[in-house]
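In this note's numbering, the protein residues as written are 3 to 159. Where a beta carbon is used, it is the ideal one built from N, C-alpha and C, also for glycine. Note that this is a predicted model, so its numbers are computed, not measured. For reference, the structure is listed below as structure tokens.
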Amino acid sequence: PADQSALIPTFASARDQFLHAMLSVNNADAFRAVIDRWDGREDRVWRRRALEQLALLNLRHKHRWDEAEQVLTTLESYGTENARYRAEALAGRAALLAYRGEHEKSRALLLAESETLQSHLPPGSPFRRLVSEARRLNEQDVKQPQSPRERPSDDGR
């Protein structure tokens, strides 16, 4: 879908813009408007929150996974401001790998960053739920390995 952010009204503050985005359920363009239209230092917290929501929204839609990856990279870059941002990006990346069937990479990431994820994702965080989802998908992959006959053949048969 084309970017529809020009259709999103501009509000008096980044906070109000973010609240509008939250009330515009599942509207990625509304979150992009917060990120793109507000660049003052005092607006930083609202831009970061919009980025978090955009990451979560993009992860839910397969056709947005490439954008999710970009958003997670940006979110991770803010880890120097707050370690939670890096942990959220790692959680999102682990889930994205699991969704894409890259279970070994997802498991390795979860194992290597276990302490970071545990200590910097607050209880009830949607990113903590992504970690659980990635673990569940990775565990299913281990429990149900395909036999060589079940795997698609390279020659198209």
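Range covered by the alpha helix (DSSP H) that runs through residue i
i, result
"P128", "P128 to K145"
"E90", "A85 to Y101"
"H122", "S116 to H122"
"A70", "W67 to S79"
Local conformation of residue i per DSSP, three classes
i, result
"F13", "coil"
"V27", "coil"
"K107", "helix"
"D41", "coil"
"R62", "coil"
"Q55", "helix"
"R159", "Summary for R159: the model assigns pLDDT 40, below 50, so the residue's position carries little reliability, and this model does not support an answer."
Residue of the options minimising C-alpha distance to residue i
i, options, result
"A57", "G81, L99 and E90", "E90"
"R46", "A16, L59 and S121", "A16"
"D143", "E104, I10 and E115", "E104"
"R95", "L21, A110 and N84", "A110"
"L139", "S108, L119 and F20", "S108"
"V36", "L61, P128, H63 and A8", "A8"
"Q72", "R130, T82, A23 and L53", "L53"
"R51", "P125, I10 and D18", "D18"
"L132", "K145, L92 and L113", "L92"
"A136", "R39, E106 and V27", "E106"
"F13", "W40, A70 and N28", "W40"
"F33", "P128, R49, G42 and S127", "R49"
"F129", "R66, R102 and N60", "N60"
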